Every structure is written in structure tokens, then in C-alpha cells.
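**Q** Numbering (the working numbering), first residue to last: 1 to 233. Ideal Cβ positions, reconstructed from N, Cα and C, are used throughout, including at glycine. Quantities reported herein were computed from a predicted structural model and do not represent experimental measurements.
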């Protein structure tokens, strides 16, 4: 079994190893069953036959989301596995994958296919990373990619290179913070603060992030702590 149940009959995740700049860690795909009974896939991984069968057993895939300009590499694999699904991308993905086909770039308006189930917001104010945050309203789950990373003692799949960077250079070991690319790329902190304040107003109790430990307890305070350098309070 590849999929892990996060919320019974509602949210499923798949965790898989990746390597970046010599650092070993895990990434995470999220699948949500919409109120229609169809499926919404966030930040897809490579869809191999076993995983495809597990997903199809949950329902029909209606939506594929590339939620950030660092989270799009396996969208084509997902499209090939589920050719009738709509594809929505974060701004910036179309520049990195100019031949990728998609239905729309996500801005303020929400696609009808998932509007009843989600809030979404483009996090602005960064010249390096673009990301769309999502709130699954029914389960009160915030779904992010790189706006928060939480890697530490309890995180599986890390190697000595990542531990060195996170412990001694980035000071992010066991400390929730935006990804290093975020920290290096702020170019409009007032605009970023506005985005983060809007997300903080959402009613969430848990946070699924792409890299590191899922935030299942005291989520609002953990998110506030991660973003305090931008929020300023």
C-alpha cells in the first residue's frame, strides 16, 4: 500500500524520496476526495502502475494541481495516468514547463471543479518562489508546499548533508520556517505579510506540508511562529 490515510475517507498522502543539492529528504503528494466524490491531486509524484491502481480505487481523478513553481515535475506523469482530469498550475510553472498543457493558471478565482471544497490564495512578495496555498474546508486542513518546512529529529529520510545545512547553516532543524529559497527571495515583505495574514484568518487545525513533519497539533501557533519574521508580531 503506497497511499497513507490522513483523514478517513477524505485525505490521502504519498511520501517519496527526493534529492536536491546533495540533500536527501521526502516530498509529499496530497489527494483529497471532493464533495462530488471525485479526486483532487496536489503536487503529484510520478504515477507508477501500483499507485495508479490505488488512486483509481478511491475514485475518479478530476483535478491535478501544480501548486508551486518548484512542484510541477511529475504533472505530465499524472496527466498521462488520468487523461480526463483538469490541470491547474501556479503562476510561474508555465515558464518552467512551456510545453505543459493546462486548463488555467490559478489566481483569485477558484475553478468550479473544487470551489465548494477549497479556499486558495497565491502567496505573493517573493522573487524566487511562487506558491498557491489551499484550505480544505471540511477537514480544516491547510495544504502548503514550501511556505513552511519542518525537518528535524523525527523526520525520516534525511542524510548528513541536509542535517548539516539545516542544523548549522540555516538554523532550521526542528524549527518551522519557509524554505531557504523563500528566505532568500523576499522582495516585497508587505505584500507577503498581506498574503500570510489572509491565510492566518482561515479556519485550519492541521497543516500538510510537502517537506518535513505534518503539523497536527497547535497548527495556528506553529504557522505563526514559522512566519513571524514576515508577520512582524
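1. Between the Cα of residue 57 and those of 45, 12, 93, 186, spot the shortest distance and give me the residue it belongs to.
2. Contact between the segment 58-67 and the segment 85-93 is defined here as three or more beta-carbon pairs at a separation below 8 Å; is this criterion met?
3. Measure the CB-CB distance between residue 158 and residue 72 and report whether it falls below 8 Å.
4. In whole angstroms, what is the alpha-carbon distance linking residue 97 and residue 74?
5. Can you give me the C-alpha to C-alpha distance between residue 199 and residue 70, rounded to a whole angstrom?
6. So residue 184 is in the alpha helix (DSSP H); what residue range does that whole segment cover?
7. In this structure, what does DSSP give as the bridge partners for residue 65?
8. Would DSSP call residue 170 helix, strand or coil?
9. Between the segment 203-217 and the segment 137-157, do three or more beta carbon pairs fall short of 8 Å?
10. Tell me the rounded alpha-carbon separation between residue 229 and residue 49.
11. To the nearest angstrom, how far is the alpha carbon of residue 80 from that of residue 28?
12. So, does the segment 177-191 touch the segment 33-41, judging by three or more C-beta pairs under 8 Å?
**A** Per the coordinate set shown:
1. 12
2. yes
3. no
4. 11 Å
5. 20 Å
6. 180-185
7. 42, 88
8. coil
9. yes
10. 43 Å
11. 20 Å
12. no
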